[in-house]
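Presented below is the structure to which this report refers.
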Amino acid sequence: MNRAVLAFALRRAAATLALLLALSLLVFALLYLAPGDVARNLLGTRNVTPEALARIRELHHLDEPFLAQYWWWLSHAATGDFGTSIRTGGQVGPLLLDRTGVTAATAGLAFLLSVLAGVPAGIATAVRRGRPLDRVIVAASVVGVSAPGFAVGLILLYVFALGLGWFPVYGTGEGFLDALWHLVLPAVALAFGLGAFVVKLTRAAVIRELDQDYVTFARGRGLSERRVLRLVLRNAAIPIVTSLGLMVAYLFGGTVLIEVTFALPGLGSLMEESVLFKDVPVVQALTLVVALVVSVTALAVDLSYLAIDPRVRARAVRR
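Residue numbers (this note's numbering): 33 to 351.
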């Protein structure tokens, strides 16, 4: 059985690797989708001589076939070498590392707030379906899903930063506690829509399980509501975990506007600056990093099914 489970995990890992290779090819093609000459795009708006253009083509292997260029770029990207930024003239790798901490802290805090608020609220609404609490939370979740993150951020800034003065308006702060305090409003703005999404999915998953025949049989056998709910939550865990995995993609997309709104020097604001400046190497690196994080998260979600649901393990063994 352990060997079959290992084979299942290896198949999922191989599929993820193949997906990443395909995504890396698309990311590399971004350089060629930009209008104009590739070498001139890499040099930006600077005036250059034909000799300089020839040197750039040689340096970036632009005089080689497309697949040879792709392999050269991918082999360097695998070691953390994503080339040189057009905008700053520095290496892209250290630039990403400098910005990663702010984005990771904001996204991590927003994820934690979403899970801690969304999952219990979704369970509570499912258990009390049709009651006033259910209607209030469902209405609030609809508002949360519909509200743009940057609009929520602006409201939070106006009320709690400018109006009440409880939180700083912008910046990252100094020291752990001060930095955490600076990230509260951005994380809440990002978690507002995310938590509402978790509430709706959790509620739907738990309600679907509560309507199953085994719940009726369990209650008929005299099991307590706590034990019945434990069975329900175990069977509803897979769609809930899946929704939490999908949140990672949402987090990286949402941080772009949130970081711009709160003037945070993270990967989101770096993406916005790089797109406006047509800094192709930075855009390539950021896209590849986001694809890597989302793909690895999807793989972790798939593998978590083995631990959550015995039926998944049984299907893995039969294969």
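For every residue, glycine included, the Cβ atom is placed at its ideal position computed from N, Cα and C.
- Between residue 161 and residue 254, the alpha-carbon positions lie close to 22 Å from each other.
- A distance of 8 Å or more separates the beta carbons of residue 277 and residue 225.
- By the Cβ criterion, the segment 163-173 is in contact with the segment 230-239, since at least three pairs of Cβ atoms, one from each stretch, lie closer than 8 Å.
- Pairing residue 139 with residue 102, the inter-Cα distance amounts to about 31 Å.
- Taking C-alpha positions only, residue 275 is separated from residue 309 by approximately 35 Å.
- In terms of Cα proximity to residue 112, the closest of 206, 332, 45 and 321 is 321.
- Taken atom to atom, the span from the alpha-carbon of residue 38 to that of residue 334 is near 13 Å.
- Remark: C-beta atoms of residue 294 and residue 207 do not approach each other more closely than 8 Å.
- Listed in chain order, the non-local C-beta contacts of residue 317 below 7 Å within the same chain comprise 114, 124 and 128, local neighbours out to five positions each way being set aside.
- For residue 311, the number of other beta carbons within 10 angstroms of its own is at least 16, and it is reported as buried.
- From the listed residues 330, 174 and 299, the smallest Cα separation to residue 130 is found for 299.
- Leaving aside the five residues that flank residue 157 on each side, the residues in its chain whose CB is nearer than 8 Å to its CB run, in chain order, 165, 166, 169, 170, 231 and 235.
- Comparing alpha carbon positions, the residue from 290, 198, 155 and 285 closest to residue 323 is 285.
- In this structure, residue 199 and residue 174 do not form a Cβ contact; the two beta carbons are roughly 27 Å apart against a cut-off of 8 Å.
- Between the C-alpha atoms of residue 210 and residue 204 there is a straight-line separation of about 8 Å.
- Beta bridge pairing from DSSP links residue 116 with 123.
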